[in-house]
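A.B. asks:
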């Protein structure tokens, strides 16, 4: 198995698709769509091989390690542990769904669109599997620009503003992170070790306190902007509102997870002392995000914006779980990332279904849809409840574990986080009521005769998400088992280092 | 026999000089319709010179009584010069022809400037250094004013000439002070004589050399001539001016500050750091508000100067030889990478000026992706590279500088640099926004599609990507080159 480059195949199959697309004339939309879909499905099929990961075996499996820029010790090192694995699978599933869903809505500059989405896939997958910090940074940036183009070219009316905001925000964070990565690698080398960017070599090294604090802040900015944490979230609603549906699915489903992944993979194990010192602040910000996101979501007139702000709130749970440093919290954080990816991806897809027909997303313009398109209403209901965290659906497990972890950390924190479960029920159910019950608005009445229910293609796109949201909800065991080892390692790193005497900074 | 042996080490310079003469004479015998043959001729000559550079690699000799040094550092600069020359020569002709600018003069003057850069890179004596500097800048003035019937071209050339001569005089004055203090013009001897010395007179010498040198690289606050000179010059030539003389000027800075004044580096570092920060920040801030792409690129080239200076600052602040060498290597890599991407970027602007009334405004880029997908994609990659996004050479160049700066204990400078890079993203990406996210103007600018230009563009973009993905290939050469200084 080891000689077979599974991970490279997963990451670069989409790139192969891009190269093939370059050879196809831009007018042959049918061929273009098939190539893109097959590339994404190919990547997905190969990613299923990762299920052969041996729990209890070595930490990173399916490793590949090739020299790249030897003068600086940069290597092409990739591998997966449980954390990477679930996120890689989430990425390949959601990308395939997004590409399939784009079949009809995207009619303009089709070839460029699929090239961008496949490149985006390469970047995202690369981030999750890179074990060389320089390689990680390269993939991180590679994932940025396709999204910039997707929002900017195929987005809504204010797309240029939204996309420039998105890219500048992200770029500031990631460039500071680059400085931090270099500083960490140089500090490591200064102790007489060979110069390397290998993640496995760099973690577990006792960095000086100031360096840890500064590097942590730099990493924090990069990841917090991506998550996005309050108060760095302002790019998100703009980007979501303007992005095409498939862009929103990937943005909410996967791109936000890059930030959460970054915290869990790099910030905590690499700079544990700083992480412990900064934890109270981050938990505070997470609580603000959870509540603020929920309250703001409540008053959104636009369906997509509502889901976007609910993401701010849900990702707050991820951050909260990550920084309470106990098993339940961390497991909950990871579970919540996966669940949020599936649920929010599906919700954006469903918003897209109605938007394609009416070109409008205002909640006030809807109403009574349950009577006209009941299957759509049922599916929307399913994911609405999953988002609220109804037991039996995926959202519940993550939120429950996070709150449990938070309770072990501090009862007050847990209680505050719990309040928001009520808020989320309020904004989601209220939205659901206004959209699907009551009487149709005048605006919607115009579309009444032509409204159609979910069609075959949309069912196919939704299918995997429905399976996942129910499956993850009723049978969380396998996933929790897979992420148990990475969680233990993070706790070990934090506990081991938190005692070295890195005093609070304040 | 010594003289003859020495001649071999001058092989690249000799070929280049012969090329100048060949161009002049060939030009006489070519009918107007056949003038385009000068371009392949020049390229062939430059390739031959490049081959000669391979021959003199690893010789590391000082020849002609200490006036001329052929070390690996100089050979690296020469090779980079050749790259710049070849790309510039390929890009320019179609732009010049529609404006009735004589091709023969262009080729001959350009190659003369290249020869000046060769001499500058190889100077081991202040006299040779000044000679090279003048041989490089005189043709640059001429190139700026090559479009004789254009007012802006005249204005730019005049400004460039007046301020440039002034700067040359200042450099010369600095050299004379150094001579007065040390009694020699030989760079190695100056360095030896300055070991452990500091005086008011020396400070004056450093001051003059710093002002003159930073003038030539167009660092803030001595940058005022650049936007006008760059905007006035014919666009593809602007591409050359923004990197060629800059490369030469950095060769000068390295020879003067990292060789002659190396013992005093702790003394010039402070003011140099101030200039570095000012240069990158002001260059970016002013570029931010430009709506003319040509002028935007001109200001952004000031910002890039600042990034390169950071490499030199890292050299000066380094505590050990390895780190110091890394600073110099960063300068070399950045200069080379920047040269390739910037010439090509200016060339694309030039391609949109096929209609001579166009000035390279942002609007002419509107909807370029639909009208010319290949050129738009190329420009997009160049813009990303100038921003410093992987996997392009621009990214790796910045990374090298960052690495050198952090290693040398200048982490704060690295932070300022990346914040500037994020700022620069705003205006570079604006070009992409126009190309990909706007519809074309009702009366779009015609696009130049000359074969030479297309080939050069393809080569540049390939270079930008390949050097970005696999820089390992030339890192070894850089190390050897920088080692000549230590």
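Protein chains in written order, with our numbering: chain L, 101 to 606; chain W, -13 to 472.
Glycine residues also receive a C-beta, built at the ideal position from the N, C-alpha and C atoms.
Owing to the predicted nature of the structure, the values given are computational and were not obtained by experimental measurement.
1) Along the segment 238 to 253 of chain L, where does the CB come closer than 7 Å to a CB of chain W? Name the residues.
2) Please tell me whether residue 225 of chain L and residue 349 of chain L are closer than 7 Å, where the distance is taken between their beta carbons.
3) Considering only residues of the same chain and omitting the five flanking positions on each side of residue 531 of chain L, which have a CB-CB separation below 8 Å?
4) Could you work out which residue in W:239, W:356, W:375 and W:383 is closest to residue 323 of chain W when comparing CA atoms only?
5) In chain L, which residues lie less than 8 Å from residue 314 of chain W when you measure between Cβ atoms?
6) Quick check on the burial criterion: 16 or more other C-beta atoms within 10 angstroms. Buried or exposed for residue 601 of chain L?
7) Assuming residue 273 of chain L is part of the alpha helix (DSSP H), what are its boundary residues?
8) Roughly how many angstroms lie between the CA atoms of residue 221 of chain W and residue 14 of chain W, to the nearest whole one?
9) Closest to residue 354 of chain W by CA distance: which of W:416, W:307 and W:297 is it?
10) Taking a Cβ distance cut-off of 7 Å, strictly less, list which residues of the segment 262 to 280 of chain L are near chain W, in chain order.
11) Considering only C-alpha positions, which residue in the set W:6, W:48 and W:11 is nearest to residue 35 of chain W?
12) Rounded to the nearest angstrom, what separates residue 244 of chain L and residue 369 of chain W at their Cα positions?
13) Report yes or no: is there a C-beta of chain L within less than 7 Å of the C-beta of residue 266 of chain W?
14) Which chain W residues are close to residue 169 of chain L, counting only those with a beta carbon under 9 Å from its beta carbon?
15) Please classify residue 242 of chain L: does DSSP put it in a helix, a strand, or coil?
16) Mind pulling the chain W residues with CB within less than 8 Å of residue 286 of chain L?
17) At a CB distance below 7 Å, what residues from the segment 413 to 437 of chain W approach chain L? Give them in sequence order.
18) Where do the ends of the alpha helix (DSSP H) carrying residue 47 of chain W lie?
19) Quick one: give me the first and last residue of the alpha helix (DSSP H) that residue 41 of chain W is part of.
20) Please specify which runs of the alpha helix (DSSP H), each continuous and at least 4 residues long, are wholly inside the segment 354 to 429 of chain L, giving them in chain order.
21) One question on the structure: do residue 420 of chain W and residue 352 of chain W come within less than 7 Å of each other, judged by their Cβ atoms?
22) So the candidates are L:442, L:507, L:506 and L:527; which of them puts its Cα closest to the Cα of residue 495 of chain L?
23) Should the segment 195 to 210 of chain W be called in touch with the segment 103 to 116 of chain W, which here means at least 3 C-beta pairs below 8 Å?
24) Suppose contacts are defined by Cβ-Cβ distances below 7 Å. Is residue 394 of chain W in contact with residue 303 of chain W by that definition?
25) Output, in chain order, the set of chain W residues within a Cβ distance shorter than 8 Å of residue 620 of chain L.
26) Tell whether a beta-carbon distance below 7 Å holds between residue 561 of chain L and residue 228 of chain L.
27) Measure the C-alpha to C-alpha separation of residue 99 of chain W and residue 327 of chain W and round it to an integer number of angstroms.
28) Considering only DSSP beta bridges, list what residue 178 of chain L is partnered with.
29) I'd like the span of the alpha helix (DSSP H) that includes residue 527 of chain L, first residue to last.
30) Please classify residue 308 of chain W: does DSSP put it in a helix, a strand, or coil?
31) Determine the burial state of residue 457 of chain L: buried for a count of at least 16 other Cβ atoms within 10 Å of its Cβ, exposed for fewer.
32) Is it the case that the Cβ atoms of residue 424 of chain L and residue 359 of chain L are separated by a distance below 7 Å?
33) Look at the Cβ atom of residue 231 of chain L, then the Cβ atom of residue 279 of chain L, and state whether they are nearer than 7 Å.
34) Quick check: the Cα distance between residue 606 of chain L and residue 316 of chain L, rounded to an integer number of angstroms?
35) Below 8 Å on the Cβ atoms is my guess for residue 502 of chain L versus residue 433 of chain L; work out the distance and round it to an integer in Å.
36) Comparing C-alpha positions only, which one of L:339, L:422 and L:233 sits nearest to residue 300 of chain L?
C.D. replies: This is what the structure gives:
1) Within the segment 238 to 253 of chain L, 238, 241, 242, 245, 249, 252 and 253 place their CB atoms closer than 7 Å to a CB of chain W, listed in sequence order.
2) Translated into positions along the first chain, residue 225 of chain L becomes position 125. Translated into positions along the first chain, residue 349 of chain L becomes position 249. When the beta-carbon positions are compared, residue 225 of chain L and residue 349 of chain L stay at least 7 Å from each other.
3) In the first chain, residue 531 of chain L corresponds to position 431, counting from 1. Close CB contacts of residue 531 of chain L within its chain, under the 8 Å cut and outside five residues either way in sequence, are with 403, 406, 463 and 484 (chain order).
4) The sequence position of residue 323 of chain W within the second chain is 337, counting from 1. Ranking W:239, W:356, W:375 and W:383 by Cα distance to residue 323 of chain W puts W:383 first.
5) For the purposes of this step, residue 314 of chain W is identified with residue 328 of the second chain, where counting begins at 1. Against chain L, the beta carbon of residue 314 of chain W has no neighbour under 8 Å; the closest one sits roughly 14 Å away.
6) Within the first chain, the letter at position 501 stands for residue 601 of chain L. Low per-residue confidence applies at residue 601 of chain L: pLDDT is 45, beneath 50, and the placement is therefore not dependable, though the value from the model is reported in the following sentence. It is exposed - the Cβ of residue 601 of chain L has fewer than 16 other Cβ atoms within 10 Å.
7) Reading the first chain from its first residue, position 173 is the one you call residue 273 of chain L. In the DSSP annotation of this structure, the continuous segment of the alpha helix (DSSP H) that includes residue 273 of chain L starts and ends at 259 to 290.
8) For the purposes of this step, residue 221 of chain W is identified with residue 235 of the second chain, where counting begins at 1. For the purposes of this step, residue 14 of chain W is identified with residue 28 of the second chain, where counting begins at 1. Each residue's Cα considered, the two are about 26 Å apart.
9) Along the second chain, read from residue 1 onward, the residue named residue 354 of chain W stands at position 368. From the listed residues W:416, W:307 and W:297, the smallest Cα separation to residue 354 of chain W is found for W:416.
10) For chain W, the residues of the segment 262 to 280 of chain L that bring a beta carbon within less than 7 Å of one of its beta carbons are 264, 267, 268, 271, 272, 275, 276, 278 and 279, in chain order.
11) Along the second chain, read from residue 1 onward, the residue named residue 35 of chain W stands at position 49. Considering only W:6, W:48 and W:11, the residue with the shortest C-alpha distance to residue 35 of chain W is W:6.
12) As a first step, residue 244 of chain L must be located in the first chain, where it is residue number 144. As a first step, residue 369 of chain W must be located in the second chain, where it is residue number 383. Residue 244 of chain L and residue 369 of chain W: Cα-Cα distance of roughly 15 Å.
13) The residue you call residue 266 of chain W lines up with position 280 of the second chain. The beta carbon of residue 266 of chain W sits no closer than 7 Å to any beta carbon of chain L.
14) The residue labelled residue 169 of chain L in the question sits at position 69 within the first chain. Chain W residues near residue 169 of chain L: 382, 456, 457, 458 and 461.
15) Taking the first chain and counting its residues from 1, the one referred to as residue 242 of chain L is at position 142. Correct three-state label for residue 242 of chain L: helix.
16) Numbered from its first residue, the first chain carries residue 286 of chain L at position 186. The contacting residues are 389, 392 and 393.
17) Cβ contacts with chain L: 415, 419, 422 and 423.
18) Stepping through the second chain from its first residue, residue 47 of chain W is reached at position 61. Boundaries around residue 47 of chain W are those of the beta strand (DSSP E), 47 to 49, since no alpha helix (DSSP H) includes it.
19) Within the second chain, the letter at position 55 stands for residue 41 of chain W. For residue 41 of chain W, the enclosing alpha helix (DSSP H) starts and ends at 24 to 42.
20) Counting whole runs of 4 or more residues, the segment 354 to 429 of chain L contains the alpha helix (DSSP H) stretches 356 to 362, 372 to 398 and 403 to 423.
21) Taking the first residue of the second chain as position 1, residue 420 of chain W is located at position 434. Taking the first residue of the second chain as position 1, residue 352 of chain W is located at position 366. Yes, the Cβ-Cβ distance between residue 420 of chain W and residue 352 of chain W is below 7 Å.
22) In the first chain, the residue the question calls residue 495 of chain L occupies position 395. Nearest of L:442, L:507, L:506 and L:527 to residue 495 of chain L, Cα basis: L:442.
23) These segments do not touch.
24) As a first step, residue 394 of chain W is located in the second chain; it is residue number 408 there, counting from the start. As a first step, residue 303 of chain W is located in the second chain; it is residue number 317 there, counting from the start. A contact, by the Cβ cut-off of 7 Å.
25) Absent from the model: residue 620 of chain L. The displayed extent of chain L is 101 to 606, so no value can be given.
26) Residue 561 of chain L sits at position 461 when you count from the first residue of the first chain. Residue 228 of chain L sits at position 128 when you count from the first residue of the first chain. Not closer than 7 Å, so no.
27) Residue mapping note: residue 99 of chain W aligns to position 113 of the second chain, counting from 1. Residue mapping note: residue 327 of chain W aligns to position 341 of the second chain, counting from 1. Distance between the alpha carbons of residue 99 of chain W and residue 327 of chain W: 20 Å.
28) Residue numbering aside, residue 178 of chain L sits at position 78 when the first chain is read from its first letter. For residue 178 of chain L, which the question treats as bridged, DSSP gives the partners L:164 and L:230.
29) As a working mapping, residue 527 of chain L is identified with position 427 in the first chain. Start and end: 511 to 536.
30) If you number the second chain from 1, residue 308 of chain W lands on position 322. Three-state DSSP puts residue 308 of chain W in a helix.
31) For the purposes of this step, residue 457 of chain L is taken as residue 357 along the first chain, with counting starting at 1. So residue 457 of chain L ends up on the exposed side.
32) As a first step, residue 424 of chain L is located in the first chain; it is residue number 324 there, counting from the start. As a first step, residue 359 of chain L is located in the first chain; it is residue number 259 there, counting from the start. Result no, Cβ atoms of residue 424 of chain L and residue 359 of chain L do not sit closer than 7 Å.
33) By one-based count along the first chain, residue 231 of chain L stands at place 131. By one-based count along the first chain, residue 279 of chain L stands at place 179. Residue 279 of chain L is positioned such that its CB atom lies no closer than 7 Å to that of residue 231 of chain L.
34) Along the first chain, one-based indexing puts residue 606 of chain L at 506. Along the first chain, one-based indexing puts residue 316 of chain L at 216. Reliability fails at residue 606 of chain L, whose pLDDT of 41 lies under 50, so the model's placement of it is uncertain and no value is given.
35) On the first chain, residue 502 of chain L is found 402 positions in, with the first residue counted as 1. On the first chain, residue 433 of chain L is found 333 positions in, with the first residue counted as 1. Confirmed, about 6 Å.
36) Position 200 of the first chain, counting from 1, holds the residue named residue 300 of chain L. Among L:339, L:422 and L:233, the Cα nearest to that of residue 300 of chain L is on L:233.
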